[in-house]
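Chemist: Using the numbering used here, the first residue of the sequence shown is number -13, and each one after it goes up by one. Backbone N, C-alpha and C fix where the C-beta goes; we use that ideal spot for every residue, glycine too. Below you will find the structure I want to go over with you.
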Amino acid sequence: MEIAFHLGAHCTDRDALVQCLMRNRATLLEQGIAVPGPGRYRQQLRQIAFDMRERETSAETQEILLDGILDEDEVDRVVFSSENLLSMPPWVVNDGQLYHAAADRAAMIRHLFPEARLEFFLAIRNPATLLPALAAGDSSGALARRLAEGDPGLLRWSDMLARVTEAVPDVPITIWCDEDTPLLWPEILRAVSGHAPDTVLEGWLAWYWDLVTPRTHAAMRRWFDRNPPADDAARRKMLGVLLSRFVKEDAVAPDPLIPGWTGDTIERLTEIYEADIDLAASIPGVTLLEP
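As structure tokens, this is what we get:
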């Protein structure tokens, strides 16, 4: 059995991926793919992973766990989506690292499913925008205080991914830049779910609703209904043209800057991030989806 874990990152998805896949559960199930509702596993998997980390697991353990989550008896692939498996939001930055505990958490997940072929999927995001978004959502202020005590320029996705691949070398990791999601969205859905290339998921365009006006969104639906793209490259090209012309000016509102940050801080972090993408993609076991 294959088990795909969509692990976030935080502030990149708002559950759009799992909602789209759940909307297509019947279609995916015909292809042997199960997409259980998040309420059936998010808290349970996290708690069980902690409880079982010092105990021996087996194929029987795996079967019992999946039986408690799935309604389906025979499936080839299961899709889980939970951004909190690797960290809770206030602790995404700790000890000068992104997702400090990610390696331990990844090993705990692997331990729960010893007989399955696991795959991890993760959107990475520019720390220049990720960190303000995380801090804005942390009412305790703890994250902002930790950021003020360290240099955000030392935070590297490549470091986090290297730690995870060392902890679970048999688990391939697929990543993409959150900034590229508008062009890659259908490909991301397919990578995570594993559905057939010729399957068009119902409602995939819903992701773009907040980026364009309702009128433009309706026009996008009509266009893709009448002009199915020949391949991924053709679809990316058309999405790029449409979004470059019709994205609302206020579609993406920036979060308040971290106290002490300036425009130079944003520029420096962005340059570091862009270089770090190449480092992350070069890690054995990591695949980068890109336009």
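May I ask you to verify whether the region 65 to 83 touches the region 107 to 127, counting CB pairs closer than 8 Å and requiring at least 3?
Modeler: Touching, per the Cβ criterion.
Chemist: Given this structure, state the Cα-to-Cα distance separating threonine 167 from glutamate -12, to the nearest angstrom.
Modeler: Threonine 167 and glutamate -12: Cα-Cα distance of roughly 24 Å.
Chemist: Going by C-alpha to C-alpha distance, which of Leu255, Gln5 and Leu197 sits closest to valine 233?
Modeler: The shortest Cα separation from valine 233 among Leu255, Gln5 and Leu197 belongs to Leu197.
Chemist: Flag this pair as touching only if the region -6 to 1 and the region 28 to 36 have three or more C-beta atom pairs under 8 Å; answer yes or no.
Modeler: Verdict: no, contact absent.
Chemist: DSSP puts glutamate -12 in a beta bridge; with which residues?
Modeler: Per DSSP, Arg63 and Arg103.
Chemist: Roughly how many angstroms separate the alpha carbons of proline 270 and threonine 185, rounded to a whole number?
Modeler: C-alpha separation (whole angstroms): 30 Å.
Chemist: From this set, Phe99, Leu14, Val21 and Glu60, which residue's C-alpha is nearest threonine 47's C-alpha?
Modeler: With distances taken between Cα atoms, threonine 47 lies closest to Phe99.
Chemist: Indicate the three-state DSSP secondary structure (helix, strand or coil) for tryptophan 162 in the structure shown.
Modeler: Reduced to three states, the DSSP call for tryptophan 162 is strand.
Chemist: What is the DSSP secondary structure of glutamine 83, reduced to helix, strand or coil?
Modeler: Strand.
Chemist: By the three-class DSSP mapping on this structure, what secondary structure does alanine 109 have?
Modeler: Alanine 109 falls in the strand class under three-state DSSP.
Chemist: Note down, in chain order, each residue of its chain lying with its Cβ closer than 8 Å to the Cβ of histidine 203, except the 5 sequence neighbours on either side.
Modeler: Around histidine 203: Leu191, Tyr194 and Trp195.
Chemist: When you compare only the Cα positions, how much space is there between alanine 216 and proline 277?
Modeler: If I take the Cα positions, the gap works out to 16 Å.
Chemist: Here's the rule I'm using: 16 or more other beta-carbon atoms within 10 Å means buried, otherwise exposed. How should threonine 115 be labelled?
Modeler: With 16 or more other Cβ atoms within 10 Å, it is buried.
Chemist: Within 10 Å of its beta-carbon, does leucine 104 have 16 or more other beta-carbons around it, so buried, or fewer, so exposed?
Modeler: Classification of leucine 104: buried, given that the 10 Å Cβ count is 16 or more.
Chemist: Is it buried or exposed for leucine 140, if we count other Cβ within 10 angstroms and need 16 for buried?
Modeler: Flag for leucine 140 reads exposed.
Chemist: Exposed or buried, what is alanine 261 when buried is set at 16 or more other beta-carbons lying within 10 Å of its beta-carbon?
Modeler: Exposed, since its Cβ has fewer than 16 Cβ neighbours within 10 Å.
Chemist: Candidates Asn112, Arg201 and Arg91: which alpha carbon is nearest valine 150's?
Modeler: Nearest option by C-alpha distance: Arg91.
Chemist: Does DSSP put isoleucine 174 in a helix, a strand or coil?
Modeler: Three-state result, isoleucine 174: helix.
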